[in-house]
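Asker: Below are the structure tokens for one structure; questions will follow.
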Amino acid sequence: MSAKWITRGWGALAWFCGLVFFAPVAWMVLTSLHSESDAATNPPSLTAPLTFDGYAEFFDSGAWPPLINSFSASIGSTVIVLLLAIPAAYALSIKPVEKWTDVLFFFLSTKMMPVVAALLPIYLFAQFSGMLDNISFLTLLYCSMNLPIAVWLMRSFLAEVPKEILEAASIDGAGLLTILRRVVAPIAMPGIAATALICFIFSWNELLFARVLTGVVAGTAPVYLTGFVTSQGLFLAKVCAAAVVVSLPVLIAGFAAQDKLVQGLSLGAVK
Amino acid sequence: MAVLTRERSVVDRPPPVPRNKYPKWGRRAPLLPALIFLVVVTQLPFLATLFISFMKWNSLDPAGRGFAGFDNYVTVFTDPDLRSSVWNTIVLTASVVIISLVLGLGLALLLDKKFAGRGLVRTMLIAPFLVVPVAAALIWKHVLYNPEYGLFNGVLNWLGFDAQPDWISSMPMTAVVLSLVWQWTPFMMLILLAGLQSKPVEPVEAATIDGASSFQIFRYLTFPHLRQYLELGGLLGSIYVVQNFDAVFTITSGGLGTANLPYMIYQTFYQAHEYGEASAAGVIVVVGSIIIATFALRTVSSLFKEDKR
Numbered sequence: 015m016s017a018k019w020i021t022r023g024w025g026a027l028a029w030f031c032g033l034v035f036f037a038p039v040a041w042m043v044l045t046s047l048h049s050e051s052d053a054a055t056n057p058p059s060l061t062a063p064l065t066f067d068g069y070a071e072f073f074d075s076g077a078w079p080p081l082i083n084s085f086s087a088s089i090g091s092t093v094i095v096l097l098l099a100i101p102a103a104y105a106l107s108i109k110p111v112e113k114w115t116d117v118l119f120f121f122l123s124t125k126m127m128p129v130v131a132a133l134l135p136i137y138l139f140a141q142f143s144g145m146l147d148n149i150s151f152l153t154l155l156y157c158s159m160n161l162p163i164a165v166w167l168m169r170s171f172l173a174e175v176p177k178e179i180l181e182a183a184s185i186d187g188a189g190l191l192t193i194l195r196r197v198v199a200p201i202a203m204p205g206i207a208a209t210a211l212i213c214f215i216f217s218w219n220e221l222l223f224a225r226v227l228t229g230v231v232a233g234t235a236p237v238y239l240t241g242f243v244t245s246q247g248l249f250l251a252k253v254c255a256a257a258v259v260v261s262l263p264v265l266i267a268g269f270a271a272q273d274k275l276v277q278g279l280s281l282g283a284v285k
Numbered sequence: 051m052a053v054l055t056r057e058r059s060v061v062d063r064p065p066p067v068p069r070n071k072y073p074k075w076g077r078r079a080p081l082l083p084a085l086i087f088l089v090v091v092t093q094l095p096f097l098a099t100l101f102i103s104f105m106k107w108n109s110l111d112p113a114g115r116g117f118a119g120f121d122n123y124v125t126v127f128t129d130p131d132l133r134s135s136v137w138n139t140i141v142l143t144a145s146v147v148i149i150s151l152v153l154g155l156g157l158a159l160l161l162d163k164k165f166a167g168r169g170l171v172r173t174m175l176i177a178p179f180l181v182v183p184v185a186a187a188l189i190w191k192h193v194l195y196n197p198e199y200g201l202f203n204g205v206l207n208w209l210g211f212d213a214q215p216d217w218i219s220s221m222p223m224t225a226v227v228l229s230l231v232w233q234w235t236p237f238m239m240l241i242l243l244a245g246l247q248s249k250p251v252e253p254v255e256a257a258t259i260d261g262a263s264s265f266q267i268f269r270y271l272t273f274p275h276l277r278q279y280l281e282l283g284g285l286l287g288s289i290y291v292v293q294n295f296d297a298v299f300t301i302t303s304g305g306l307g308t309a310n311l312p313y314m315i316y317q318t319f320y321q322a323h324e325y326g327e328a329s330a331a332g333v334i335v336v337v338g339s340i341i342i343a344t345f346a347l348r349t350v351s352s353l354f355k356e357d358k359r
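So the sequence lines, in the order shown, correspond to chains A and B.
All residue numbers for the first sequence refer to the working numbering, where the first residue is 15 and numbers rise by one.
All residue numbers for the second sequence refer to the working numbering, where the first residue is 51 and numbers rise by one.
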């Protein structure tokens with residue numbers, strides 16, 4: 015009997031921790047569905063009537079262009095990163111170049127250089143070449159931000175393709191394209207999905223570059239959020255609605271692919 | 051005639067050289083686009099930063115632009131704001147990473163046990179990491195910390211406490227750290243949980259049969275296995291938290307003694323327009339990161355060797 019109660023105790027503790035960590039998210043969603051006056055009460059009102067006014071105001075305030083900018087920068091950079099990273103990973107795993115570990119560590123080391131050290135020259139270049147407030151330029155920067163991670167991830171996935179199968183296929187006369195399509199691709203697909211998920215999330219979340227390099231035209235959703243609270247009066251419900259909308263793509267993608275998330279975050283070290 | 055010669059030359063030409071006659075460049079080719087792109091976008095700007103750091107350059111005073119020697123470095127090193135921002139960066143990064151690792155380890159150990167609704171609890175625990183960082187910072191600042199109608203003071207009120215503290219102004223650094231710990235604990239938990247679940251079962255069973263206590267099993271079997279996952283989580287967490295801008299920018303706007311290096315450099319260049327000084331600070335940050343990264347890379351490389359074994 016005591017063992018059973020200990021198990022139940024651990025379970026209860028886990029539930030308690032889960033609820034504590036989830037509470038701010040739940041509260042954000044609940045507040046986003048309240049009217050402004052119900053959102054700003056102390057003690058908080060749990061049972062106030064629900065309304066979508068906060069969401070309506072957020073979208074009416076011109077939230078679509080920044081959301082679309084965020085989508086195009088995130089999806090665009092993810093696609094470009096995959097196109098660059100997959101061949102590179104191939105040359106680091108399946109048919110490795112000499113000193114491939116050095117190359118791999120070079121990629122990782124660029125990730126350790128603080129973004130902020132490169133910010134000024136990038137800003138000056140953008141100003142000089144008329145690329146300020148241009149979503150394509152931001153997309154390219156997001157590529158450089160995610161490329162090292164993508165190369166690491168894709169390498170760890172491609173390294174799992176068994177050498178014997180590759181040799182057998184080429185002895186049987188399969189050409190490079192056939193091998194890539196029929197042997198490598200099926201094994202690498204889950205890895206590509208994990209890589210794409212991580213690149214999308216990091217690009218979607220990015221604030222510093224977007225804040226410095228974009229303005230009214232190419233501003234992304236995070237930049238729009240930071241400017242959203244300066245308005246007068248009560249704004250809690252509106253801010254919560256905005257936060258929910260902006261976080262929704264990441265929440266959906268992350269929940270739908272929890273295992274991919276772990277693989278991606280650990281740079282492929284966890285399978 | 052020309053056509054004919056050309057056709058002839060095609061016929062006469064030796065068969066195309068098989069790819070593996072040039073194994074080196076054939077192998078390098080797929081790597082080059084990524085490598086060149088990365089060098090151009092990440093290394094060249096740094097050279098420019100290095101160059102600008104030796105210039106006297108305030109964008110509001112274009113006429114005064116010129117060579118400054120080491121003046122910017124002297125300014126930066128003698129600037130008390132910069133020194134405090136270095137300290138803030140260390141405090142912020144170390145406390146967020148260590149606290150998240152400890153909490154993440156605890157949660158991972160809990161989630162490694164079987165109980166009803168484990169999947170749901172795991173999903174709830176991941177949620178904070180999936181809230182966009184700026185959005186999370188805004189929620190913490192306005193919806194949780196707000197002294198008049200924030201959730202924290204609301205709960206205090208509910209529980210019958212009279213105290214209604216102004217969280218951000220009374221403990222600004224803790225407020226920033228807490229919001230980041232909330233976001234990074236799930237990350238650590240995910241990595242550590244994956245580590246726990248990849249642990250071989252047989253040694254634990256054997257130890258149990260031999261009468262080992264659960265603490266001994268944790269100390270001598272689970273922990274050594276988890277060590278590399280703890281290192282990985284700590285390393286990746288540090289890479290991201292050391293560069294944190296969103297939380298500092300949103301919650302305190304760098305005020306109340308919370309400005310970290312990324313925020314300070316952002317401010318020097320974006321608001322004060324001191325390009326030379328911002329670049330010198332940038333160079334110092336990079337040198338600091340290289341020193342830290344050397345140790346960090348050693349960690350990854352040891353993990354990596356184990357992986358290859």
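Just so you know, even glycine gets a beta-carbon here, dropped at the ideal spot from N, CA and C.
All figures in this text were calculated on a predicted structure; none of them were measured in a lab.
#1: Check whether the Cβ atoms of A:Val-95 and A:Leu-161 sit closer than 7 Å, and answer yes or no.
#2: Under 9 Å Cβ-Cβ, which residues of chain A neighbour B:Gly-114?
#3: For B:Asn-207, would you say it is in contact with chain A, using Cβ-to-Cβ distances shorter than 7 Å as the test?
#4: If contact means a Cβ-Cβ distance below 7 Å, which residues of the region 261-272 of chain A contact chain B?
#5: Could you check whether the Cβ of B:Phe-127 sits closer than 7 Å to any Cβ belonging to chain A?
#6: For B:Pro-80 and chain A, any beta-carbon pair shorter than 7 Å?
#7: If you follow the alpha helix (DSSP H) that B:Met-221 is part of, which residue opens it and which one closes it?
#8: Going by other Cβ atoms of all chains shown within 10 Å of its Cβ, with 16 needed for buried, is A:Lys-252 buried or exposed?
#9: Can you give me the C-alpha to C-alpha distance between A:Gly-189 and A:Arg-196, rounded to a whole angstrom?
#10: Using a Cβ distance threshold of 8 Å, determine whether the region 145-164 of chain B contacts the region 265-284 of chain B, with at least three qualifying pairs required.
#11: Around the C-beta of B:Arg-359, are 16 or more other C-beta atoms found within 10 angstroms, so that it is buried, or is it exposed?
#12: Between which residues of its own chain and A:Val-39 is the CB-CB distance below 8 Å, once the five residues before and five after are set aside?
#13: Rounding to the nearest angstrom, what Cα-Cα distance links A:Ala-270 and A:Ala-164 in this structure?
#14: Buried or exposed: where does A:Val-259 fall if 16 or more other Cβ atoms within 10 Å of its Cβ makes it buried?
#15: Answer yes or no: do A:Ser-51 and A:Trp-218 have a C-beta to C-beta separation smaller than 7 Å?
#16: Listing by chain order, which chain B residues have their CB less than 7 Å from the CB of A:Ile-136?
#17: Could you spell out the range, first to last residue, of the alpha helix (DSSP H) harbouring A:Gly-68?
#18: So, with DSSP's three-state summary, where would you put B:Gly-116?
#19: Looking at the secondary structure, which residues open and close the alpha helix (DSSP H) in which B:Thr-125 lies?
#20: Going along the chain, which unbroken runs of the alpha helix (DSSP H) with 4 or more residues stay wholly within the region 43-121 of chain A?
#21: Give me, in chain order, the residues of the same chain whose beta-carbon lies closer than 8 Å to that of A:Phe-139; leave out the 5 immediate sequence neighbours on both sides.
#22: Is it buried or exposed, A:Leu-191, if we count other Cβ atoms within 10 angstroms and call 16 or more buried?
#23: For A:Thr-124, return the contacting residues in chain B, with the cut-off set at a CB-CB distance below 8 Å.
#24: Against chain A, does B:Arg-77 count as a neighbour if the rule is that its beta carbon must be under 7 Å from one of theirs?
#25: Once DSSP output is grouped into helix, strand and coil, what is the label at A:Trp-24?
#26: Does the beta-carbon distance from B:Pro-95 to A:Pro-135 come in below 7 Å?
#27: Would you check if the region 194-214 of chain A and the region 172-181 of chain A touch, i.e. whether three or more CB-CB distances between them fall below 8 Å?
#28: Keeping to the same chain, check which residues put their C-beta closer than 6 Å to that of B:Arg-58; ignore five residues upstream and five downstream.
#29: What residues of chain A sit near B:Tyr-393, judged by a beta carbon separation below 7 Å?
#30: Evaluate the contact criterion for the region 32-48 of chain A versus the region 215-234 of chain A: three or more CB pairs, one atom per stretch, below 8 Å.
#31: Distance, Cα to Cα, A:Pro-128 vs B:Ser-264?
#32: Answer with buried or exposed for A:Val-111, where buried requires no fewer than 16 other C-beta atoms within 10 angstroms of its C-beta.
#33: Give the secondary structure of A:Asn-148 by DSSP, where H, G and I count as helix, E and B as strand, and everything else as coil.
#34: Roughly how far, in whole angstroms, is the beta-carbon of B:Ser-145 from the beta-carbon of B:Val-254, given that I think they are within contact range, below 8 Å?
#35: Tell me whether B:Trp-190 is buried or exposed, calling it buried when 16 or more other Cβ atoms sit within 10 Å of its Cβ.
#36: Could you check whether the region 101-113 of chain B touches the region 322-334 of chain B, counting it as contact only if at least three pairs of C-beta atoms, one from each stretch, sit closer than 8 Å?
Answerer: Inspection of the coordinates gives the following:
#1: yes
#2: The contacting residues do not exist; B:Gly-114 stays about 17 Å from chain A at best.
#3: yes
#4: Residues of the region 261-272 of chain A that bring their beta carbon within less than 7 Å of a beta carbon in chain B comprise Ser-261, Val-264, Leu-265, Gly-268, Phe-269, Gln-272, in sequence order.
#5: For B:Phe-127, the nearest beta carbon of chain A is not closer than 7 Å to its own beta carbon.
#6: yes
#7: Taken as a continuous stretch (DSSP letters only), B:Met-221 belongs to no alpha helix (DSSP H), as it is neither H nor E.
#8: buried
#9: 10 Å
#10: Under the three-pair Cβ rule at 8 Å, the region 145-164 of chain B counts as touching the region 265-284 of chain B.
#11: In this predicted model, B:Arg-359 has a pLDDT of only 46, less than 50, meaning its place in the structure is not dependable; the value taken from the coordinates is given anyway. So B:Arg-359 ends up on the exposed side.
#12: none
#13: 20 Å
#14: Here A:Val-259 is buried: its Cβ has 16 or more other Cβ atoms, across all protein chains shown, within 10 Å.
#15: no
#16: Pro-95
#17: 67-74
#18: strand
#19: 121-128
#20: 50-53, 67-74, 78-107
#21: Closer than 8 Å at the Cβ level, and outside the excluded window around A:Phe-139, lie Met-145.
#22: exposed
#23: Leu-88, Thr-92, Gln-93
#24: Yes, B:Arg-77 lies at the interface with chain A (some Cβ there is under 7 Å from its Cβ).
#25: Under the three-state reduction of DSSP, A:Trp-24 is assigned to helix.
#26: yes
#27: yes
#28: The pLDDT assigned to B:Arg-58 is 43, lower than 50, so where the model puts this residue is not dependable, and the model offers no usable value.
#29: As displayed, chain B neither begins before 51 nor continues past 359, which places residue 393 of chain B out of reach and without an answer.
#30: no
#31: 42 Å
#32: buried
#33: coil
#34: Incorrect: roughly 33 Å between the Cβ atoms, too far for contact.
#35: buried
#36: yes
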